[in-house]
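Novice:
Number of protein chains: 2
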Amino acid sequence: MAYPLRLDAAAIAAAARELVRAGGRQALSLRPLAASLGVRAPSLYRYYPDRESLEGAVAELAAAELADRMEGKRKGRRGGAALKAIAGEYLAYSREEPALFAMLLAAQPGPESKRLWNLLLAALEPVTGRADDTAAAVALWSFLHGFATLEAAGQFGASGPRGGYERGLSALLAGLRL
Amino acid sequence: MAYPLRLDAAAIAAAARELVRAGGRQALSLRPLAASLGVRAPSLYRYYPDRESLEGAVAELAAAELADRMEGKRKGRRGGAALKAIAGEYLAYSREEPALFAMLLAAQPGPESKRLWNLLLAALEPVTGRADDTAAAVALWSFLHGFATLEAAGQFGASGPRGGYERGLSALLAGLRL
DNA sequence: GTCTATAGTGGGATAGAC
DNA sequence: GTCTATCCCACTATAGAC
């Protein structure tokens, strides 16, 4: 056996996650990634056919991490408090891991994205009084994602969002109850 | 005069806009851009020091176009109808020009971004009853931008947003009135 | 002062040896 | 399964023509 097995898909994805976390999406390049794993770039193609599939794997890791964090915050809370807690965690993740957060939309939704979706739906049910209220989940997710994205892009300027998050979240939840 | 002036910053930006429009942000590369203007790539550096500044110029063009469209829709309408019209136009722009829409966040906000902001604030005033209601504008913009972004990224899946836009917009406006 | 030509760097991807 | 070697393409920088 000339070349012993040194790689596996999960280890590559984890190393890719670190590159993105530290330097953003553009920092995910094959040569540095391979170097961080002690191999040469072409070896990676045995596990991921192209760079795009690597991005998808990083997106899945990020979605899983976010879903874990949100689920952790939900525990021990109910109703509106639970909903605000997971919403706040969505925003906290976008602030603490902006590069990984941005990767969430870089790939087509995978299984972990479904978990995020189900978390939102479950948390909304006691607030709107309806099970599987897809429209409400779309609305809440849109608000959360938009706020996080605009804030990360610096679009709120020097004056900041000026309480727009709290005001919008309260208004949206109140309106969804109607 | 050996080399007559063939370029100017506005013409370069307009050609760059076309490249982005047709092929997305990655399609904005210097050689094709220069070729579309009948010059060689290095000539562009006299007007834009790097690719990033070109992206900023394209973002400004996109913001101006979007603001024009929103202002056009606002005319002849008042109150909630005017607000829903400009919100709908924001969404329509993201659907018709997805690549240019994505460029809006690629650069730091410029003067045209301020115009968009002021449009939102003015349209919100008769709805919330408050002048310069920054928090309300942040909330509405977040919802609009998030919905447009998630939809463009295919995050709503095959079933689509299921009325989440209409539901969220109505709920948010109702809640902001309180 | 503006443009051309070219060299240098680095990324993605593939072929074929081991 | 991993390697070397290589191709193609992109952005940067600079020397020099006009």
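For the protein sequence lines, the chains are F and U, in the order given.
Quick note on this note's numbering: the first sequence kicks off at 1 and runs consecutively.
Quick note on this note's numbering: the second sequence kicks off at 1001 and runs consecutively.
The beta-carbon is built from N, C-alpha and C at its ideal position, and this holds for glycine as well.
Being a predicted model, the structure only gives us computed values, none of them experimental.
So that I know if they touch, is there some Cβ in chain F lying closer than 7 Å to that of Ala-1099 of chain U?
Specialist: False, the Cβ-Cβ gap to chain F never drops below 7 Å.
Novice: So does Ala-1152 of chain U have its beta carbon nearer than 6 Å to some heavy atom of the ligand MN?
Specialist: The model depicted lacks the ligand MN and carries no ligand whatsoever.
Novice: Excluding the five sequence neighbours on either side, which residues of its own chain have a C-beta within less than 7 Å of the C-beta of Leu-44 of chain F, listed in chain order?
Specialist: Ile-12, Leu-30, Leu-33, Ala-34, listed in sequence order.
Novice: In whole angstroms, what separates the C-alpha of Arg-1130 of chain U from that of Leu-1116 of chain U?
Specialist: Roughly 18 Å between the two C-alpha positions.
Novice: Return the first residue and the last residue of the alpha helix (DSSP H) that Ser-1113 of chain U is part of.
Specialist: Note, Ser-1113 of chain U: alpha helix (DSSP H), 1111 to 1128.
Novice: Can you find a CB in chain U that lies within less than 7 Å of the CB of Pro-126 of chain F?
Specialist: Chain U, which has no Cβ nearer than 7 Å to the Cβ of Pro-126 of chain F, makes this no.
Novice: Could you tell me the distance, in whole angstroms, from the CA atom of Met-1 of chain F to the CA atom of Gly-1164 of chain U?
Specialist: At Met-1 of chain F the pLDDT is 47, less than 50, meaning the model places this residue with poor confidence; the figure from the coordinates comes in the next sentence. Cα to Cα, Met-1 of chain F sits roughly 57 Å from Gly-1164 of chain U.
Novice: Compare the C-beta of Pro-161 of chain F with all C-beta atoms of chain U and state if any pair is closer than 7 Å.
Specialist: Chain U contact via Cβ: present.
Novice: CB Glu-1052 of chain U to CB Gly-1110 of chain U, shorter than 7 Å?
Specialist: Not closer than 7 Å, so no.
Novice: Would you check if the distance between the CB atom of Leu-1007 of chain U and the CB atom of Ala-1016 of chain U is smaller than 7 Å?
Specialist: Not closer than 7 Å, so no.
Novice: Indicate whether the contact test is met: 3 or more Cβ pairs, each with one atom in the region 122 to 137 of chain F and one in the region 1139 to 1155 of chain U, closer than 8 Å.
Specialist: The region 122 to 137 of chain F vs the region 1139 to 1155 of chain U: no contact.
Novice: Exposed or buried, what is Pro-4 of chain F when buried is set at 16 or more other beta-carbons lying within 10 Å of its beta-carbon?
Specialist: Exposed: under 16 other Cβ atoms inside 10 Å.
Novice: Suppose you measure from the CA of Gly-38 of chain F to the CA of Ala-9 of chain F; what does that come to, to the nearest Å?
Specialist: Roughly 14 Å separates the two Cα atoms.
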